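Structure first, then comments.
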Amino acid sequence: MSWEVVIGLEVHCQINTKTKAFCGCSTEFGAEPNSQTCPVCLGMPGQLPVLNDVAAKKTILTGLAINADINLESKFDRKNYFYPDLPKGYQISQFAVPIVEGGYIDIPTKDGEKRLGVTRIHMEEDAGKSMHEGLDAVSHIDLNRSGIPLMEIVSEPDMRSADEAIAYLKQLHQIIKFLGVSGADMEKGQFRCDANVSVRQKGAPLGTRTEMKNMNSFRFIKQAIEFEVLRQIEIIEDGGEVKQESRLWDSVKNESRSMRSKEEAHDYRYFPEPDLPPLRVTQEEVDAIKAGMPELPNQLRKRFETEFGLSAYDADVLTQTQSLAQWYEALVASHPANPKQCANWLANELLGRLKELNKDISESPISAQALASLLDRIADNTISGKIAKDVLDAMMASGKNVDAIIDEKGLKQVSDTGAIDAMIQEVLDANQGQVEAYKGGQDRLFGFFVGQVMKASKGKANPAMVNQRLKELLG
Amino acid sequence: MDIDVKKIANLSRIRLTDVEAADLAPQLSSIMGYIDKLSEVNTDGVPPTAHPHDVAMPQRADVVTNPSRRDALQQPAPRTESGLYVVPKVLE
Chain F
4 MSWEVVIGLE VHCQINTKTK AFCGCSTEFG AEPNSQTCPV CLGMPGQLPV
54 LNDVAAKKTI LTGLAINADI NLESKFDRKN YFYPDLPKGY QISQFAVPIV
104 EGGYIDIPTK DGEKRLGVTR IHMEEDAGKS MHEGLDAVSH IDLNRSGIPL
154 MEIVSEPDMR SADEAIAYLK QLHQIIKFLG VSGADMEKGQ FRCDANVSVR
204 QKGAPLGTRT EMKNMNSFRF IKQAIEFEVL RQIEIIEDGG EVKQESRLWD
254 SVKNESRSMR SKEEAHDYRY FPEPDLPPLR VTQEEVDAIK AGMPELPNQL
304 RKRFETEFGL SAYDADVLTQ TQSLAQWYEA LVASHPANPK QCANWLANEL
354 LGRLKELNKD ISESPISAQA LASLLDRIAD NTISGKIAKD VLDAMMASGK
404 NVDAIIDEKG LKQVSDTGAI DAMIQEVLDA NQGQVEAYKG GQDRLFGFFV
454 GQVMKASKGK ANPAMVNQRL KELLG
Chain S
1430 MDIDVKKIAN LSRIRLTDVE AADLAPQLSS IMGYIDKLSE VNTDGVPPTA
1480 HPHDVAMPQR ADVVTNPSRR DALQQPAPRT ESGLYVVPKV LE
């Protein structure tokens, strides 16, 4: 039988504001428990919420970035449920009329770009945090997170594999980082995902879905979806029926389990929030937000491909973050002769070394201009690419400039024909047997001679000249 | 109208005895029946009212205005420990 997987995703993303959604409490991460609370976010009687205008603006910006429509009038509703980390007994959310509707994200697939629909983005407030670990008969509640503004980004059920789901999430995560609307730090729970998963026979109506709750790592999300798909197929093939339920992924046991407690709570009894009148924004305000939108990852990728002739892969690597893309552009500006070489040296050499140091590009010990001057020395044949790697190490360690290091270590490339010929002759004399074999037709030995000469020169011989002179002398 | 009083009570965390539930069922039904009268009005083309007052939402600037007043705010809590609220165990 041929099964088709259907996945829809809900992403809860913390909007990076200084204060909470409906009160002036700080949102600073890691503060003393319950030190950032007030009567509003503690749900004390008689308190009234007042919306943070930055939360609304950032949600609108996100909507514009995914090509969605902005509702000039949107509304807030109460979502009612009981849990100790929700002091009011309801969450203020947008149910009937969200601020953002419609939109899409394009993801790369092996068959080209695929467009995945976004149903809506609505604003809501986060709940507090409950802790159970190491406690017997009680739970502990920290309400610093209570009332922190969230965007919930709801996709259409357009994904057909765990890989597509991850591609969508990565793209969305990157867009959000570029927009600066969220820290989107997954470990801090600032970007978390619920996955709705069902399976069906190709072309059949939608199967019963289950919801995998609250995952905050791309790896776990992929594992959880793949596990769930197999679980559902097995149930159906065994003649059973999938039960609609919420499930929790256990990343230690690598399996999911049913969250029975969530079942009865599904009756949220939404109703309009009487404490908040409709949220109205003008088209002029929306246009002003749009005017401030930065270049988005997809646009940047395409520009790097066309403007600098980069491969799709390199363009993708170099546009992972804005700071990396800016670093690359600064590098090309200082060494415009070869953008491709700039990409290779940045992506392979510098990023590799930074990774070993556990550093980000923004913490690089050398500047884009310094790396450009190193590439200049390769271009003008002062040093070979191979030696340049050692020079880069020295530059990163000492902070000295490229010419100082080349002088100090005597690394200047030998491009003098006489000196190179002498080295070649020495190598050929010492390897008579191989010379005979080469002349007898073993062409592959050419590489051996090049290697020996380079070794004899301690890597300083100009490789192009060695190649050329070797060909002539072996003639 | 048939109303599941026990379910509503449970969702609202209100404990009812069977006697109370039986007593409330007809009362709630009659209230719902009264509200149902509204559905007799033809509302075709009338947009739903989101709020009784026709006002736009006031908004606040994103500036921290609340000092930490944890000790005072935790006064009414039955139990706290190291600044955390202590509640009966919630299982997930």
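Chains as they are written, first to last, in our numbering: chain F, 4 to 478; chain S, 1430 to 1521.
Ideal placement from N, C-alpha and C gives every residue a C-beta, glycine not left out.
Everything numeric in this text was worked out from a predicted model, so none of it was measured.
In angstroms, rounded to a whole number, what distance separates the CA positions of F:Gln3 and F:Ile69?
Residue 3 of chain F cannot be examined here, being either before or after the span of chain F that is shown, 4 to 478.
Do you know how far the Cα of F:Leu153 is from the Cα of F:Cys196?
12 Å
Against S:Arg1489, what residues of chain F qualify as contacts under a CB-to-CB distance less than 9 Å, listed in chain order?
Thr22, Phe25, Cys26, Gly27, Val53, Leu54, Asn55 and Asp56
Under 6 Å Cβ to Cβ from F:Pro90, same chain only, skipping five residues before and after it: list those, please.
Leu45 and Gly46
Keeping to the same chain, check which residues put their C-beta closer than 6 Å to that of F:Arg148; ignore five residues upstream and five downstream.
Once the five neighbours on either side are set aside, the close Cβ partners of F:Arg148 are Asp129, Gly131 and Lys132.
For F:Leu353 and F:Ser367, which I take to be in contact (beta-carbon distance under 8 Å), what is that distance rounded to the nearest angstrom?
7 Å
For F:Pro42, which residues from the same chain have a beta carbon less than 7 Å from its beta carbon, with the 5 sequence-adjacent residues on both sides left out?
Gln50
Flag this pair as touching only if the region 102 to 113 of chain F and the region 1476 to 1489 of chain S have three or more C-beta atom pairs under 8 Å; answer yes or no.
no
Please state whether DSSP places F:Asp406 in a helix, a strand or coil.
helix
Helix, strand or coil: how does DSSP classify F:Glu439 here?
helix
If you compare alpha carbons, which of S:Thr1494, S:Val1515 and S:Lys1518 is closest to F:Lys23?
Selected option, being the one with the closest Cα: S:Thr1494.
Taking Cβ positions only, does S:Gly1512 come closer than 8 Å to chain F?
yes
Ignoring anything shorter than 4 residues, give me the alpha helix (DSSP H) runs that lie fully in the region 342 to 374 of chain F, in order along the chain.
342 to 347 and 354 to 359
How long is the line joining the alpha carbons of F:Phe25 and S:Ala1490, rounded to whole angstroms?
11 Å
Beta-carbon of S:Lys1518 versus every beta-carbon of chain F: anything under 8 Å?
yes
Please compile the residues from chain F whose C-beta is within a distance smaller than 7 Å of the C-beta of S:Arg1442.
Phe85
Pop quiz: F:Val405 and F:Ser460 are said to be a contact at Cβ under 8 Å. What is the actual Cβ separation, rounded to whole angstroms?
Incorrect: roughly 20 Å between the Cβ atoms, too far for contact.
Give the DSSP bridge partners of F:Val121, in chain order.
F:Ser158
How long is the line joining the alpha carbons of F:Gly413 and F:Ala333, rounded to whole angstroms?
The alpha-carbon separation between F:Gly413 and F:Ala333 amounts to approximately 29 Å.
Helix, strand or coil, according to DSSP, for F:Ile381 in the structure here?
F:Ile381: helix per DSSP, three-state reduction.
What alpha helix (DSSP H) runs, 4 residues minimum, are completely inside the region 273 to 351 of chain F?
286 to 294, 300 to 311, 315 to 321, 325 to 337 and 342 to 347
Nearest CA to the CA of F:Asn347: which residue from F:Ser314, F:Ile178 and F:Ile364?
F:Ser314
Which value, in whole angstroms, describes the spacing of the CA atoms of F:Ile236 and F:Trp6?
F:Ile236 and F:Trp6 have their C-alpha atoms some 8 Å from each other.
At least one CB of chain F closer than 8 Å to the CB of S:Met1486: is that the case?
yes
So with CB distances below 8 Å, who are the chain F contacts of S:Gln1503?
Asn37
Name the residue from F:Glu127, F:Asp109, F:Leu146 and F:Tyr86 whose alpha carbon lies nearest to the alpha carbon of F:Ala34.
It is F:Leu146 whose Cα lies nearest to the Cα of F:Ala34.
Going along the region 278 to 299 of chain F in order, which residues come within less than 8 Å of chain S, judged by CB to CB distance?
Leu279, Pro280, Pro281, Leu282 and Arg283
In three-state terms, what does DSSP make of F:Ser77?
DSSP places F:Ser77 in strand when its eight states are reduced to three.
Any idea which residues DSSP pairs F:Val57 with across the strands?
Partner residues in a beta bridge of F:Val57, as assigned by DSSP, do not exist.
Should the region 78 to 97 of chain F be called in touch with the region 274 to 283 of chain F, which here means at least 3 C-beta pairs below 8 Å?
yes
Starting from the beta carbon of F:Asp145, find every residue of chain S whose beta carbon is closer than 9 Å, and list them in chain order.
Here the neighbours are Gly1512, Leu1513 and Tyr1514.
Using C-beta distances below 8 Å, list every residue in its chain close to F:Leu172, excluding the 5 sequence neighbours before and after it, in chain order.
Leu12, Val14, Cys196, Phe221 and Ile224
Output yes or no for whether 8 Å exceeds the beta carbon distance between F:Phe452 and F:Leu473.
yes
Counting only beta-carbon separations shorter than 8 Å, does F:Arg250 have a partner in chain S?
F:Arg250 does not count as touching chain S.
For F:Gly210, which residues of its own chain have a beta-carbon under 6 Å away from its beta-carbon, when the five flanking residues on both sides are left out?
The beta carbon of F:Gly210 sits closer than 6 Å to those of Ser201, Val202 and Arg203, all from its chain and outside the five residues before and after it, given in chain order.
Tell me which residues share the same chain as F:Gln496 and place their Cβ nearer than 7 Å to its Cβ, disregarding the 5 neighbours each side in the sequence.
Look at the range of chain F in this structure, 4 to 478, and you will see that residue 496 of chain F is not part of it.
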